[in-house]
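Numbering (the UniProt record's numbering), first residue to last: 1 to 178.
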């Protein structure tokens, strides 16, 4: 092997090592915590997930007890200002979906009589979201990218695509330290 060939081989090996080191330092995601609308069935969850390009095998913990579900109210845009006037309003998250908003309330939320009256007056229902945990991979959890986890950028893409779906309320990432 001549001197130039040795330099090229050393360079390629060094570059490969550097790429592997950089990949191991990126944030990895082990799964997704998804809050779905009330009454979303397990077959619907499976069908929803099949429509997205999830680059690894995954398992679904349907109606998981891993995360806490939240209460929510689906509100047409024309009624949202009325709800914002409610003096004890303690929304945790307000999401815009199409021509309506979803008001998410913590699991600890306990509606009082005036709140229930306001809901009734506006023909709204307080519903409980349920949580599914999507675990990436189907083998031991040794966090190999493309096997039992995905890179954060891929997980964010999946999250953003899922949150467009009408049945999906919120998607959270289960990060692994990089």
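Ideal placement from N, C-alpha and C gives every residue a C-beta, glycine not left out. Quantities reported herein were computed from a predicted structural model and do not represent experimental measurements.
Item	Value
Between 153, 124, 158, which has its C-alpha nearest residue 73's C-alpha?	124
For the ligand ATP, is there any heavy atom lying closer than 7 Å to the beta carbon of residue 130?	You won't find the ligand ATP in this model; it holds no ligand whatsoever.
Please return the same chain residues whose Cβ sits closer than 6 Å to the Cβ of residue 161, not counting the five positions on each side in sequence.	52
Can you list, in chain order, the residues of its chain with a C-beta nearer than 6 Å to that of residue 104? Leave out the 5 residues immediately preceding and following it.	70, 72, 92, 93
Starting from residue 191 and walking both ways along the beta strand (DSSP E), at which residues does that stretch end?	Residue 191 falls outside the range modelled here, since the chain spans only 1 to 178, and no answer is possible.
Can you tell me whether residue 48 is helix, strand or coil according to DSSP?	helix
Run through the region 73-114 for me and flag every whole beta strand (DSSP E) of 3 or more residues, listed as ranges in chain order.	93-97, 100-105
May I ask you to report which of helix, strand or coil DSSP gives residue 153?	helix
Rounded to a whole number of angstroms, what is the C-alpha to C-alpha distance between residue 100 and residue 133?	26 Å
State the CB to CB distance for the pair residue 152 and residue 27, rounded to an integer number of angstroms; the pair is presumed to be in contact (CB under 8 Å).	4 Å
Is the beta carbon of residue 45 closer than 8 Å to that of residue 150?	no
Quick one: what does DSSP say residue 179 is sitting in, helix, strand or coil?	With the chain covering 1 to 178 only, the question about residue 179 has no answer from this structure.
Label residue 154 either buried or exposed according to how many other C-beta atoms from any shown protein chain fall within 10 Å of its C-beta, with 16 as the threshold for buried.	buried
When DSSP builds the beta bridges, which residues end up paired with residue 59?	135
How big is the Cα-Cα spacing for residue 37 and residue 77?	18 Å
Tell me whether residue 126 sits in a helix, a strand or coil according to DSSP, three-state version.	coil
What do you get for residue 164, buried or exposed, if any count of 16 or more other CB atoms within 10 angstroms of its CB means buried?	exposed
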